[in-house]
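Residue numbers (my numbering), protein chains in the order written: chain A, -12 to 209; chain B, 3 to 203. Report on one structure; see the data block that follows.
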Amino acid sequence: TLLGFLVTDAPISSGALQSILKYSVDRSFNCISVDGDMSTNDTIAALANGEAGGPEINESSGESYNKIRDEFTQFAQSLAQLVVRDGEGATKFVTIKVQNAESFKDAQKVAKTISNSPLVKTALYGKDANWGRILCAIGYSDVPVNTEKTNVSFIPTDGSADLKLLVNGEPQQIDETRASEILEFEDLEIHVDLGTNGDGEASFWTCDLSHEYVTINGDYRS
Amino acid sequence: SSFSQLSNKYSKYVPTEGIYPKGYLVGSVSTGVKKNNQLDLSIIKSINPANAAAVFTTNKFKAAPVQVSKKILDQGNKINSIVINSGCANAVTGANGLKDAQEIVKTVDQTIGSTDVASTICMSTGVIGQPLQMNKILPQIPKLINENLGESHESWVSCAKGIMTTDTFPKLISRSININGNTYTIAGLSKGAGMICPNMA
């Protein structure tokens, strides 16, 4: 189960707080996956008691509203990412970034499908640069994809050059040593360019699937 | 190796200090629902009624606390407290589960002296399909509110620990922001390690 609480002393009106929370959760907690299962109890709640003073921030407050909404969103992303980092048995923290989808929703759907694929997640655990499984997940995501313009890369988190796995639908000669180096890091980014004419973009955060996950969940009730 | 990994995560992601929003008292207590006297009941209390918002699971089997809290928020009430128990999800527990969630809300409201309308929302996390051990939880609510709440960093960490289930570290962050010359502070707690692929609305 996911539970989260965002509390502030800012004077945010009730309506603005609800719209800020929805906006930020759609870009944070609704973009994480550990194991693909949705709980009966997931809840994110926010409180704003106004104790810091200042003018009330409501949906008509223009720049103030946008600024606090964006701060909430970044904040919620940081909090959501901690959940993924602590995923049961997780040894890897993986950012899936999908670009050039026809819409944000399409990009999110592809990112979510990759994030939930048990075969992608076990490959990540095994440090196997198995881009074929990533492609497979993209292919059954049920969104428009230009297969001849699709690109997939691993982006190392140390700032070194990315590793292109698929360029314009063509598999690349992969330097397995380099791939292993990148997969040794705890953090990894996978970039997917769907090559459509749209500019839909979304990020999703996931982790690997390890033996430990099965151990933890094999006897949770007892 | 496994212990070392857990220890690394704790030291890497749990802050040793923080700056927290004004007007909140937080903390937790052990009720005995979780084994080995682990913290399992937390409260976030605002000293004045706060505006509140929430998004909830879209799972068709919504747990009792989800149903009760949604109803309270739908009434447009200002909120004084959020109470969270861990170890038992109070999910798929039927009419008795709803009664238990309402009883917890009522007990918190009575303890803080807010009796006109429900001003507490409740949440639960843990095992599905088991009733809450109300005999353990209810007596600890006054103790938690009267003795265990504070505004220190340690209180916030304790509050975050009280909502953990299979989590290996408490998740807590805080930050100050400046908007048009006014400084505001946000604090956030979360929990979750498994059964995680939310789609809340």
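Glycine included, C-beta positions come from ideal geometry on N, C-alpha and C.
| query | result |
| --- | --- |
| Exposure of aspartate 162 of chain A, with buried meaning 16 or more beta-carbon neighbours within 10 Å | exposed |
| Residue closest to alanine 120 of chain B, alpha-carbon to alpha-carbon, out of B:Pro17, B:Val85, B:Glu156, B:Met136 | B:Val85 |
| Of the residues B:Tyr186, B:Lys14, B:Ser176, the one placed nearest aspartate 73 of chain A, counting alpha carbons only | B:Lys14 |
| Below-7 Å beta-carbon distance, threonine 59 of chain B vs any chain A residue | yes |
| Span of the beta strand (DSSP E) around valine 81 of chain A | 80 to 88 |
| Touch test, the region 65 to 83 of chain B against the region 110 to 128 of chain B, Cβ-Cβ under 8 Å, three pairs minimum | yes |
| N- and C-terminal bounds of the beta strand (DSSP E) containing isoleucine 49 of chain B | 43 to 58 |
| Own chain, CB closer than 6 Å to serine 157 of chain B, minus 5 neighbours either side, in chain order | Val28, Gly29 |
| For valine 107 of chain A, the nearest candidate out of A:Leu170, A:Asp129, A:Gly40 (CA to CA) | A:Leu170 |
| 7 Å Cβ cutoff met for lysine 36 of chain B and glycine 99 of chain B | no |
| Cβ of alanine -3 of chain A within 7 Å of any chain B Cβ | yes |
| Complete runs of the alpha helix (DSSP H) confined to the region -12 to 23 of chain A [at least 4 residues] | 1 to 13 |
| Proline -2 of chain A versus A:Val201, A:Ala33, A:Thr60, residue with shortest Cα-Cα distance | A:Ala33 |
| Local conformation of methionine 166 of chain B per DSSP, three classes | coil |
| Reference aspartate 111 of chain B; option with closest CA among B:Ile181, B:Gly34, B:Pro51, B:Phe58 | B:Pro51 |
| Beta-carbon contacts of serine 20 of chain A that lie in its chain and below 6 Å, excluding the five residues immediately before and after | Ser102, Asn103, Thr193 |
| Whole-angstrom distance between threonine 168 of chain B and methionine 197 of chain B, CA atom to CA atom | 11 Å |
| Same chain, Cβ closer than 6 Å to glutamate 38 of chain A, five either side skipped, listed in chain order | Asp(-4) |
| 6 Å Cβ shell around threonine 100 of chain A - same chain, five flanking residues per side excluded | Ala124, Ser128 |
| Test item: CB-CB of glycine 156 of chain A and threonine 134 of chain A under 7 Å | yes |
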